[in-house]
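Protein chains in written order, with the working numbering: chain W, 1179 to 1325; chain H, 1179 to 1325. Even for Gly, the Cβ is constructed at its ideal location relative to N, Cα and C.
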DNA sequence: TTCAAAGTTGACAAAAATAGTCTGCTATGA
DNA sequence: TCATAGCAGACTATTTTTGTCAACTTTGAA
Ligand code: FES
Ligand code: FES
């Protein structure tokens, strides 16, 4: 079980926007350089994020992207849901395999528990939390250096 | 984020063995029929499970597989670790991308939290738990039917 | 007004992972 | 001794992931 690059890149890109929140928009190009992600690939991801209403685009010269809500109101789960899709462990649709008899399915409850656990974690961490963590990390590192 | 068929099939197969624990060994063929999984594919999975020491094989006529420990001592996490590999969110090795500067990495802490959460859930649920859940489900269903 | 920066869209494709199949083999209990 | 069942590993097909690219649209700024 792993996160694809869509999720990983997406969170990193959104983190950049969160760091920059309140200032001028960030262009795809800028973000792609900062996080070392393909510009073209990022465009795809931002297409999804925009459709989902997580970011707003500002066209024209000096345009770019901004968060459509404050970082405190966007969770990592919101981003991952858009880019990775909701966690689908099993189909639960096909009526032919024996897994469709939900009442008797031994594993269904298990998948639900795993999914809920991940959702609980990802939806409880906001971009603001990440920015705060990041800033305290930097302060601690500075202190360690004796600055 | 999703579980591959390896993990899903593997847990289902191990659940069958747990249901059958204490009785005669179950052959790949039997399991493949009960859970409707390709016989050849299951062989692959059981190869891994055997090497990991989760199951024992009994060769020859009337042979098959049995759990090598009681169901209460095998967690779902044990199975998933073998079949899906441990949860690798990011590489954290390549020194060239900016993600390698772990002290400054904004997302690393996040991936760790997600991973730990999944591990905590999967490693706390044993095959015995699943069997118990399954049995209570059946009882409840029977009562609802007025039996 | 013109131009260049920047977003938008959708097609395309390489690469990797997943899922599944098959063949020939070995071991062993009945 | 032979049918049953596991063992090993090559092989293939399919899907998903991970990008790339080109043509087009919008719009702020000079
Ligand atoms: S009913 Fe969907 S996992 Fe069993
Ligand atoms: S250092 Fe591995 S995720 Fe950043």
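Discussion item. Suppose you measure from the CA of residue 1273/H to the CA of residue 1319/H; what does that come to, to the nearest Å?
Written reply: Its pLDDT being 46, under 50, residue 1273/H is placed unreliably in this model, and the value from its coordinates should be taken loosely. When rounded, the distance between both Cα atoms is 56 Å.
Worksheet item: Can residue 1208/W be considered in contact with ligand 2, in the sense that its beta carbon sits closer than 7 Å to one or more heavy atoms?
Response: no
Item to complete: Assign residue 1199/W to one of three DSSP states: helix, strand, or coil.
Response: coil
Worksheet item: Between which two residues does the beta strand (DSSP E) carrying residue 1318/H extend?
Response: Membership of residue 1318/H in any beta strand (DSSP E) is not indicated; the residue belongs instead to the alpha helix (DSSP H) covering 1305 to 1322.
Discussion item. Looking at the secondary structure, which residues open and close the alpha helix (DSSP H) in which residue 1226/H lies?
Written reply: 1217 to 1229
Worksheet item: ligand 1 heavy atoms versus the CB of residue 1184/H: any closer than 7 Å?
Response: no
Worksheet item: Just the Cα atoms here: how many angstroms apart are residue 1237/H and residue 1201/H?
Response: 16 Å
Item to complete: Using three-state DSSP, classify residue 1232/H as helix, strand or coil.
Response: When secondary structure is reduced to three states using DSSP, residue 1232/H falls in the coil class, being assigned neither helix nor strand.
Discussion item. Count Cβ pairs between the stretch 1300 to 1310 of chain H and the stretch 1296 to 1314 of chain W that sit closer than 8 Å; are there 3 or more?
Written reply: The stretch 1300 to 1310 of chain H is not in contact with the stretch 1296 to 1314 of chain W.
Worksheet item: With contact counted as at least three CB pairs below 8 Å, one residue from each stretch, are the stretch 1228 to 1242 of chain W and the stretch 1185 to 1202 of chain H in contact?
Response: Short answer: they don't touch.
Worksheet item: Counting contacts by CB-CB distance shorter than 8 Å, is residue 1230/H in contact with chain W?
Response: no
Practice prompt. Flag residue 1260/H as yes if its beta-carbon sits less than 8 Å from any beta-carbon of chain W, otherwise no.
Written response: no
Practice prompt. Using 7 Å as the cut-off, classify the Cβ of residue 1283/W as near or not near the heavy atoms of ligand 2, replying yes or no.
Written response: no
Fill in: Contacts around residue 1261/W, its chain only, beta-carbon distance under 7 Å, and the 5 residues preceding and following it disregarded
Closer than 7 Å at the Cβ level, and outside the excluded window around residue 1261/W, lie 1184, 1185, 1188, 1223, 1226.
Worksheet entry | Contacts that residue 1216/W makes with chain H (C-beta to C-beta distance below 9 Å) | Those within 9 Å of residue 1216/W in chain H number zero; the least Cβ separation is about 12 Å.
Item to complete: Leaving aside the five residues before and after residue 1304/H along the sequence, list all residues of the same chain whose C-beta is less than 8 Å from its C-beta, in chain order.
Response: 1249, 1250, 1251, 1252, 1253, 1254
Practice prompt. Using a Cβ-Cβ cut-off of 8 Å, state whether residue 1311/H counts as contacting chain W.
Written response: yes
Worksheet item: Which residue from 1309/W, 1290/W, 1315/W, 1307/W puts its Cα closest to that of residue 1308/H?
Response: 1290/W
Worksheet item: Identify the residues that DSSP records as bridge partners of residue 1244/H: which are they?
Response: 1234/H
Item to complete: Starting from residue 1287/H, follow its DSSP beta bridges and name the residues at the other end.
Response: Note: residue 1287/H sits in no beta bridge, so no partner.
Worksheet item: From residue 1324/W to residue 1244/W, what does the alpha carbon distance come to, in whole angstroms?
Response: 36 Å
Practice prompt. Look at the alpha carbon of residue 1211/H and the alpha carbon of residue 1217/H, and state the distance between them as a whole number of angstroms.
Written response: 8 Å
Worksheet item: Relative to the C-alpha of residue 1221/W, which residue among 1191/W, 1246/W, 1247/W is closest?
Response: 1191/W
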